[in-house]
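Encoded as structure tokens, the structure appears first; notes follow it.
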Amino acid sequence: MKLGVNLCFAVKRWLEPDRLAGLVRDDLGLEYVQYTYDLTDPWWPDIERDRRAIAYAKAFRKAGLTIESTFGGLASYTYNHFLAPTLELQSLGYQHLKRAIDMTAAMEVPATGMPFGSYSAADALNPARREEIYAIARDMWIELAAYAKRQGLSMLYVEPVPLATEFPSSAADAARLMADLDGRTEIPVRLLVDWGHALFEPLFGPEADMDHWMDLCQPWIAAYHIQQTDGQLDRHWSFTQPGVVTPQRLQDFWDKYALTDQTFFAEILYPFEARDEDVLADMIASVKALKAASPAA
Ligand SMILES: [Fe+2]
Ligand SMILES: [Fe+2]
3 MKLGVNLCFA VKRWLEPDRL AGLVRDDLGL EYVQYTYDLT DPWWPDIERD RRAIAYAKAF
63 RKAGLTIEST FGGLASYTYN HFLAPTLELQ SLGYQHLKRA IDMTAAMEVP ATGMPFGSYS
123 AADALNPARR EEIYAIARDM WIELAAYAKR QGLSMLYVEP VPLATEFPSS AADAARLMAD
183 LDGRTEIPVR LLVDWGHALF EPLFGPEADM DHWMDLCQPW IAAYHIQQTD GQLDRHWSFT
243 QPGVVTPQRL QDFWDKYALT DQTFFAEILY PFEARDEDVL ADMIASVKAL KAASPAA
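Okay, here's the thing in structure tokens:
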């Protein structure tokens with residue numbers, strides 16, 4: 003399997019670009035990277051934001067690493083963005099992703115993505131409001147795909163999330179979004195499927211199953227987040243923990259579907275209060291466990 007890492011584990015800890023690049027290459031022994039908006043906020047003033055983001059991009063390139071994409075992290079996920087209850091708030095979601103596209107282009111990274119958006123509690127219960135808000139959001143993504151192309155990007159990603167108040171959450175939702183965008187975007191908009199989201203049993207029941215996701219969405223899935231989980235909450239545990247996503251299961255899935263390029267980005271979150279040395283040791287052990295199951299990695 004093709005392993006990579008989302009830099010979320012490093013947030014607030016390893017901020018120096020050369021140190022972080024060295025940590026990924028030498029301590030983790032990985033080549034493929036997904037950069038998180040939690041390192042440089044797309045809303046920061048352009049000049050300072052891009053100077054900092056470019057410093058990371060250069061350090062990673064110098065270390066021989068490939069940043070395949072940038073992606074929304076915890077800070078970005080806090081907001082409702084494209085499915086917010088007013089047009090003004092939706093437009094701020096549009097501007098957020100537009101600014102993230104600018105940052106990604108400045109880094110010379112070819113793709114970016116984030117979850118699509120969150121409804122308010124009231125809108126989530128109202129099917130007519132859902133459709134009305136969704137239609138605006140869908141058209142905003144079509145516009146942003148055109149903008150991303152002009153900025154030099156070649157792909158946008160949407161990450162499904164395990165909440166019924168958001169969209170897309172189920173595999174059927176994700177397939178609907180892909181069908182609605184199909185042929186209407188100037189660059190491809192594809193799915194990034196997070197294993198811990200897809201396997202969330204309280205919402206999906208028997209459909210919390212990766213084969214079900216592949217049945218409905220396989221042609222659209224361009225990358226994955228991997229994390230350890232018990233299927234009962236969105237855990238983002240590392241692979242040193244027991245759970246339902248074993249390294250062997252990941253490798254078997256990779257082989258079963260003859261995947262080639264759909265990177266498995268480890269997206270591991272630690273408590274902010276965890277000690278830096280413990281986080282690093284656990285990340286090293288986690289990647290080692292993944293590699294042990296993967297003859298090619
Ligand atoms: Fe994720
Ligand atoms: Fe998650």
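For the sequence shown, the positions run 3 to 299 when this note's numbering is used. No residue lacks a Cβ here, since even glycine has one placed at the ideal position from N, Cα and C.
Residue i in three-state terms, based on DSSP
| i | result |
| --- | --- |
| alanine 210 | coil |
| methionine 157 | strand |
| glycine 115 | strand |
| arginine 53 | helix |
| glycine 198 | helix |
| histidine 238 | coil |
| arginine 15 | coil |
| alanine 102 | helix |
| phenylalanine 274 | coil |
| phenylalanine 169 | strand |
| phenylalanine 73 | strand |
Residue i beta carbon near ligand 1 (any heavy atom closer than 7 Å)
| i | result |
| --- | --- |
| histidine 227 | yes |
| glutamate 161 | yes |
| aspartate 196 | yes |
| glutamate 269 | yes |
Residue i beta carbon near ligand 2 (any heavy atom closer than 7 Å)
| i | result |
| --- | --- |
| histidine 238 | yes |
| histidine 83 | no |
Nearest candidate by alpha-carbon position, reference residue i, set the options
| i | options | result |
| --- | --- | --- |
| leucine 183 | Tyr121, Glu203, Asp141 and Lys60 | Asp141 |
| valine 163 | Tyr226, Ala148 and Met109 | Tyr226 |
| glutamate 275 | Leu5, Arg15, Thr88 and Leu193 | Arg15 |
| leucine 89 | Ala23, Ser122, Lys64 and Gln229 | Ser122 |
| arginine 1 | Ile144, Pro208, Gly24 and Gly198 | Lying before the first or after the last residue shown, residue 1 is absent from the chain, which here runs from 3 to 299. |
| isoleucine 189 | Ala173, Lys258 and Leu158 | Leu158 |
| phenylalanine 11 | Thr38, Asp28, Val111 and Leu235 | Thr38 |
| glycine 24 | Arg54, Leu5 and Lys60 | Lys60 |
Pairing CB atoms from the segment 228-242 with CB atoms from the segment 270-290, are three or more of them under 8 Å? Verdict: yes, contact present.
Three or more C-beta pairs below 8 Å linking the segment 101-115 and the segment 65-77: Contact between the segment 101-115 and the segment 65-77 is present, because at least three Cβ pairs lie under 8 Å.
Are the segment 213-222 and the segment 173-193 in contact at 8 Å, needing three or more beta carbon pairs? Because the criterion of three Cβ pairs below 8 Å is met, the segment 213-222 and the segment 173-193 touch.
Taking one C-beta from the segment 87-105 and one from the segment 28-48 each time, how about it: are there three or more such pairs within less than 8 Å? Here the segment 87-105 makes contact with the segment 28-48; the two share three or more CB pairs at distances below 8 Å.
Please confirm if the segment 227-238 is in contact with the segment 191-201, defined as three or more CB-CB distances below 8 Å between the two stretches. Verdict: yes, contact present.
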